[in-house]
Ligand code: ADP
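In this note's numbering, the protein residues as written are 22 to 376.
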């Protein structure tokens, strides 16, 4: 059977009518950014529906109807429709003009971000989340790094989350907290090419379609960089703040500055900078060596007027425990570095509380 084309999808969407306008969503030019991506065994369809932001609640039914209409076509593997506001405000004013999602019963949402990959963002997010749980907070760790979801591996979590009767996903449980990951939802061999366009819709959908329960805090492991996913998150998810992870090298700091500026632009408070791999702690003699001339992040934070949250050493045990799926705060809770993570977690929790 032939795979559905963009025209087939558009035709299917003509069956979805807006009652008050008496016309369908295609005729009303509401459908934008339609992509139909071939994969083995079918197609993945994504598109946005441009709506009046004041009607977002009523439009949810239209969004669902649109997804259903496309699912009726043969060989459709997935459909992802998101609502976007037309006349969207430019990012500089996004915080003021865009409507943010409401996540009931969740007190704080904090993003852990970095300017580039490989600086230890995920490792930091995992250990901070475990530290928050050890500090007595009802914690969720959300892995939103769609390009390389590494949390399931770092926490040796396997399988897929269960769903409730009303089709909401139930986060998995690990180390005294709840865990949700894009990695549970996308096949590991999913081509990178459709991850990019998916970032926007997947993150919004993830927030909407998970049964979060009553929580003190969601720690979000962000994708690296300052791309679309960050803007979407910052604009639509009610972030209490962001933490930037950086290594001491200048180049990384320049990237970190980009991340910082992005959150500032969308009016998400930067709660602080963490310097990761700050100095080397010898596992044999315990001596500390400043191989990367550490301290750059502290100076940068001071220069930018952002709190400096602390320095995490480059320590073999941090990498080994991460690789073994048993993060250091969990496996060595009495170590100096575990205490450091708990202190930082406490500072972040207090800083995020700015009602
Ligand atoms: P990112 O999320 O920024 O891409 P990761 O958290 O995946 O980075 O870390 C990259 C690698 O560095 C991993 O192998 C991780 O175990 C290791 N790593 C991260 N932080 C430290 C640290 N402080 N000491 C030693 N190894 C670390």
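Cβ atoms here follow ideal geometry from the backbone N, Cα and C, with glycine treated the same way.
What residue range does the alpha helix (DSSP H) around residue i cover?
i: residue 128; result: From DSSP, residue 128 is part of no alpha helix (DSSP H) but of the beta strand (DSSP E) over 127-134.
i: residue 292; result: Not the alpha helix (DSSP H): residue 292 falls in the beta strand (DSSP E), residues 291-296.
i: residue 27; result: 27-34
i: residue 93; result: Premise fails: residue 93 is in no alpha helix (DSSP H) and is neither H nor E.
i: residue 23; result: Where residue 23 is concerned, there is no enclosing alpha helix (DSSP H), given that its DSSP letter is neither H nor E.
i: residue 374; result: Looking at the DSSP string, residue 374 is not in any alpha helix (DSSP H), and its letter there is neither H nor E.
i: residue 172; result: 172-175
i: residue 344; result: 337-344
i: residue 353; result: No alpha helix (DSSP H) holds residue 353; DSSP gives it neither H nor E.
I'd like to confirm the pairing. Which residues does DSSP put opposite residue i in its beta bridges?
i: residue 189; result: For residue 189, which the question treats as bridged, DSSP gives no partner whatsoever.
i: residue 308; result: Answer is none; residue 308 lacks a bridge partner.
i: residue 57; result: 66
i: residue 141; result: In DSSP, residue 141 forms no bridge with anything.
i: residue 331; result: 295
i: residue 317; result: In DSSP, residue 317 forms no bridge with anything.
i: residue 267; result: 296
i: residue 262; result: 131
i: residue 160; result: 238
i: residue 11; result: Here the chain has residues from 22 to 376 only, and residue 11 is not among them.
i: residue 44; result: 39
i: residue 52; result: 70
i: residue 302; result: 309
i: residue 100; result: 66
i: residue 147; result: According to DSSP, which records beta bridges pairwise, residue 147 is partnered with nothing at all.
i: residue 195; result: 198
i: residue 231; result: 190
Can you tell me the Cα-Cα spacing of residue i and residue j, whole angstroms?
i: residue 275; j: residue 289; result: 19 Å
i: residue 115; j: residue 22; result: Residue confidence for residue 115 is low, a pLDDT of 40 falling below 50, so the modelled location carries little weight; the figure read from the coordinates is stated next. In a straight line, the C-alpha of residue 115 is about 44 Å away from that of residue 22.
i: residue 80; j: residue 138; result: 37 Å
i: residue 427; j: residue 53; result: Limits of the chain in this structure are 22 at one end and 376 at the other, which puts residue 427 out of reach.
i: residue 323; j: residue 296; result: 13 Å
i: residue 225; j: residue 102; result: 10 Å
i: residue 149; j: residue 25; result: 45 Å
i: residue 123; j: residue 319; result: 34 Å
i: residue 151; j: residue 196; result: 7 Å
i: residue 259; j: residue 48; result: 33 Å
i: residue 282; j: residue 146; result: 20 Å
i: residue 112; j: residue 306; result: Caution is warranted here: a pLDDT of 42 is assigned to residue 112, below 50, making its placement in the model unreliable, and the coordinate value is therefore given only provisionally. C-alpha separation (whole angstroms): 50 Å.
i: residue 200; j: residue 340; result: 20 Å
i: residue 33; j: residue 94; result: 8 Å
i: residue 65; j: residue 129; result: 33 Å
i: residue 330; j: residue 250; result: 25 Å
i: residue 343; j: residue 234; result: 27 Å
i: residue 246; j: residue 83; result: 33 Å
i: residue 60; j: residue 242; result: 27 Å
i: residue 361; j: residue 244; result: 24 Å
i: residue 333; j: residue 104; result: 40 Å
i: residue 194; j: residue 71; result: 36 Å
i: residue 99; j: residue 86; result: 14 Å
i: residue 254; j: residue 202; result: 15 Å
I'd like to confirm something about residue i: is its beta-carbon nearer than 8 Å to some heavy atom of the ligand ADP, or not?
i: residue 85; result: no
i: residue 308; result: no
i: residue 142; result: yes
i: residue 266; result: yes
i: residue 365; result: no
i: residue 201; result: no
i: residue 316; result: no
i: residue 237; result: no
i: residue 298; result: yes
i: residue 335; result: yes
i: residue 304; result: no
i: residue 246; result: no
i: residue 347; result: no
i: residue 343; result: yes
i: residue 339; result: yes
i: residue 135; result: yes
i: residue 276; result: no
i: residue 230; result: no
i: residue 204; result: no
i: residue 352; result: no
i: residue 187; result: no
i: residue 171; result: yes
i: residue 311; result: no
i: residue 280; result: no
i: residue 145; result: yes
i: residue 166; result: yes
i: residue 331; result: no
i: residue 242; result: yes
Start and end of the beta strand (DSSP E) containing residue i?
i: residue 165; result: From DSSP, residue 165 is part of no beta strand (DSSP E); its letter is neither H nor E.
i: residue 237; result: 236-242
i: residue 201; result: 198-202
Original post:
Contact between the region 172-192 and the region 123-138: three or more CB pairs below 8 Å?
Top reply: Contact annotation: the region 172-192 does not touch the region 123-138, with fewer than three C-beta pairs closer than 8 Å.
Original post:
Is the region 180-188 in contact with the region 254-270, if contact means three or more CB pairs nearer than 8 Å?
Top reply: The answer is no - the region 254-270 does not touch the region 180-188, with fewer than three Cβ pairs under 8 Å.
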